[in-house]
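What follows is a set of notes on a single structure, which appears directly below.
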Amino acid sequence: MIVERADLSLPVRYSGLDDILKRVPVSVVWEITLACDLACQHCGSRAGRRRRDELSTEEALDLVDQIAELGARSVGLIGGEAYLRKDWLQIIAAIRSAGMECDLQTGGRNLTDERVAQAAAAGLNAVGISIDGIGATHDRLRGVVGSYEMALTAMRNVRAHGLEVGVNTQINARTLHELRDLMEIIIEAGCHNWQLAITTAMGNAADHADMLLQPWQMMEVLPLLAELASEGRERGLFLQPASNIGYFGPHESRLRNVMNEEIHFHGCNAGDTVMGIEADGTIKSCPGLPSPYAGGNIRDRRLRDIWENAEPMAFNRRRTVEDLWGYCRTCYYAETCLAGCTWTAHALMGRAGNNPMCHHRALDFDARGLRERLVKVKDAEGRSFDHGEFEIVVEAAVREALVADG
Amino acid sequence: MAEAGRIPVPLRLCRGCRQFVRIENESCDFCGGDLAALEAAHAEGVAEIRAVTAALRAAMAAKGGGEAGA
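From first to last, the protein sequence lines stand for chains A and B. Counted the way the numbering used here counts, the first sequence spans residues 18 to 423. Counted the way the numbering used here counts, the second sequence spans residues 1266 to 1335.
Below you can see the structure in the form of structure tokens.
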């Protein structure tokens, strides 16, 4: 999302035009370990066990300095579960000492009061806790009975130590109908930030096709989110749609309104103002992207060299409408949108440039009495950040039967 | 020096149908509305709301001040 940086009340991870021109990795998302205490059905990295060759403490601390040298303003620690790495507090402290903000994105299963206290003392700024649905819905998705209550407890622990707390939610076939009730719980819990993302068909999620939303369901998702965004804003909850939610249609402004109705989706910003890092030092332009997008490893090259010179990091600034295909190639918004979220498009279609998870597109098909349905034609292999393959079937739109009452 | 990132292609919001349209457009590609006229009407509406809000705030402040002084 591009905003006017002069507005200092916005989080530092928001980028401005100046950041794009200088190509500053404003927001760095760093998987510091793949070890995890949850077993999420949608986990793109298939986290669980730590990677064989995760960075040593010395390497991690050196990487912090290299990130700071590039002008990053915010480092988000993810996993796996970041707190399962023994030196996570050292990494937080180093990030803060280097002048950057640091947040933790967590499932919260074992984010005890003691751990939060330690992280706060190390300088952690904020915590985002994953809550996908209510009670059993969340537990099932996260693969651990009781994980919903644990997440709520973690949220209370974070608030008790005065840290900013937000909630991250996966939107999929199992959670969509609980979003409204979940928002009430989030507001009551005192949260002010709610980040939502559509479950992407990567890693474990690729193995659970029944969980994935269909393209035509964007006609339900986008109006709902726009409504929740407006309601939430009035009640002090700031809804932040991930880059894989959109695009355009009549709700774009309401959904993405950050103090300015004219803000709209500008396309994928991977490699322009966003950087992803894997626990073994692999550098990517976005944390979710699969291995073909890896620019190199900090064990082989300096971070600046990878960021500025590695060709796989440059795909976004090289992309033009000519690179698009399928519906996206001739779309009204092609030049601005460039097929939306690269991660989502690649995970579904095997290559970027054509993204069926789009509201404008669903509306266009619907106006012609049609809809798109995704059918899995190839399974994922079972590796971290892998994906299967899907085909798009265009079929007649199925209208809900209206039953007259009385 | 790093190569510049991709400069986003901006769009313009139609105040009639809330769709985004090409910035150089004079009319909306979706509803056909006159973008400048719709923008002017919107600005007028916003100004009106601001004036009413300001008047309401002033009235409330005056009432609050009166009570405090009573």
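Backbone N, C-alpha and C define an ideal beta-carbon position, used for all residues, glycine too.
Check, Outcome
"Over what stretch of residues does the alpha helix (DSSP H) that includes leucine 199/A continue unbroken?", "196-205"
"For valine 410/A, which residues of its own chain have a beta-carbon under 8 Å away from its beta-carbon, when the five flanking residues on both sides are left out?", "Glu389, Arg390, Leu391 and Val392"
"Among Glu237/A, Thr299/A, Gly65/A and Ala134/A, which has the Cα closest to the Cα of leucine 55/A?", "Gly65/A"
"Could you compute how far the alpha carbon of tyrosine 344/A sits from the alpha carbon of proline 258/A?", "23 Å"
"Determine contact between the stretch 221-236 of chain A and the stretch 326-339 of chain A, defined as no fewer than three beta-carbon pairs at a distance below 8 Å.", "no"
"Per the contact definition of three or more C-beta pairs closer than 8 Å, is the stretch 112-121 of chain A in contact with the stretch 93-104 of chain A?", "yes"
"Could you pull out every unbroken alpha helix (DSSP H) segment of at least 4 residues lying fully inside the stretch 62-150 of chain A, listed in chain order?", "74-86, 105-114 and 130-139"
"With DSSP as the reference, label isoleucine 1272/B as helix, strand or coil.", "coil"
"Report the residues of the stretch 1267-1298 of chain B with a CB closer than 8 Å to any CB of chain A, ordered along the chain.", "Ala1267, Glu1268, Ala1269, Gly1270, Arg1271, Ile1272, Pro1273, Val1274, Pro1275, Leu1276, Arg1277, Leu1278, Cys1282, Arg1283, Gln1284, Phe1285 and Asp1294"
"Please confirm if serine 302/A has its CB atom under 8 Å from at least one CB of chain E.", "In summary, chain E is missing from the structure at hand, where the protein chains are A and B."
"For chain B, find out if any of its Cβ atoms is closer than 8 Å to the Cβ of glutamate 244/A; answer yes or no.", "no"
"Below 8 Å on the Cβ atoms is my contact criterion, and I expect asparagine 174/A with leucine 245/A to pass it. Report the Cβ-Cβ distance as a whole number of Å.", "Not quite, the Cβ-Cβ distance comes to about 26 Å (not below 8 Å), so this is no contact."
"Mind listing which residues of the stretch 318-329 of chain A have their C-beta closer than 8 Å to chain B's C-betas, in chain order?", "Trp324 and Glu325"
"Quick one: using the 10 Å Cβ neighbour count with 16 as the cut-off for buried, is threonine 74/A buried or exposed?", "exposed"
"Leaving aside the five residues before and after alanine 85/A along the sequence, list all residues of the same chain whose C-beta is less than 7 Å from its C-beta, in chain order.", "Ala115, Gly116 and Met117"
"Just to make sure I have the definition right: I need the residues of chain B whose C-beta is within less than 8 Å of the C-beta of aspartate 14/A. Which are they?", "Because chain A in this structure spans residues 18 to 423, residue 14/A falls outside the shown range and cannot be described."
"Run through DSSP, which three-state label would aspartate 36/A get?", "helix"
"Going by the DSSP bridge assignment, what does phenylalanine 332/A pair with across the sheet?", "For phenylalanine 332/A, which the question treats as bridged, DSSP gives no partner whatsoever."
"Does DSSP classify glutamine 58/A as helix, strand or coil?", "coil"
"Would leucine 38/A pass as an interface residue toward chain B - the criterion being a Cβ-Cβ separation below 8 Å?", "yes"
"Taking Cβ to Cβ, would you say proline 267/A is nearer than 8 Å to alanine 379/A?", "no"
"How long is the line joining the alpha carbons of phenylalanine 1295/B and threonine 361/A, rounded to whole angstroms?", "27 Å"
"Kindly indicate the opening and closing residues of the beta strand (DSSP E) around isoleucine 409/A.", "406-413"
"Could you tell me whether the Cβ atoms of isoleucine 1288/B and isoleucine 37/A are closer together than 8 Å?", "no"
"Below 7 Å on C-beta distance, what does histidine 376/A contact in chain B?", "None at all; the shortest Cβ gap to chain B is about 11 Å."
"Would glycine 313/A pass as a contact of phenylalanine 282/A if the rule is Cβ separation under 8 Å?", "no"
"Assign proline 42/A to one of two classes, buried (16 or more other C-beta atoms within 10 Å of its C-beta) or exposed (fewer than that).", "buried"
"Can you name the residues that DSSP bridges to isoleucine 215/A?", "Ile188/A"
"Which word fits histidine 194/A, buried or exposed, when buried means at least 16 other C-beta atoms lie within 10 angstroms of its C-beta?", "exposed"
"Can you list the residues of chain B that glycine 313/A reaches, using a CB-CB cut of under 7 Å?", "Chain B residues near glycine 313/A: none, gap ~15 Å exceeds 7 Å."
"Hey, out of Gly88/A, Ala77/A, Leu51/A and Gln83/A, whose CA is closest to threonine 290/A's CA?", "Gly88/A"
"Which residue from Ala190/A, Asn221/A, Glu248/A and Pro240/A puts its Cα closest to that of arginine 400/A?", "Asn221/A"
"What residues from chain B crowd round glycine 451/A, counting only those whose CB sits closer than 9 Å?", "Because chain A in this structure spans residues 18 to 423, residue 451/A falls outside the shown range and cannot be described."
"State the beta-bridge partners of threonine 299/A as determined by DSSP.", "Asn314/A"
"So asparagine 333/A contacts chain B; which residues on that side make the cut at Cβ distance below 7 Å?", "Arg1271"
"Could you give the DSSP three-state label for proline 240/A: helix, strand or coil?", "helix"
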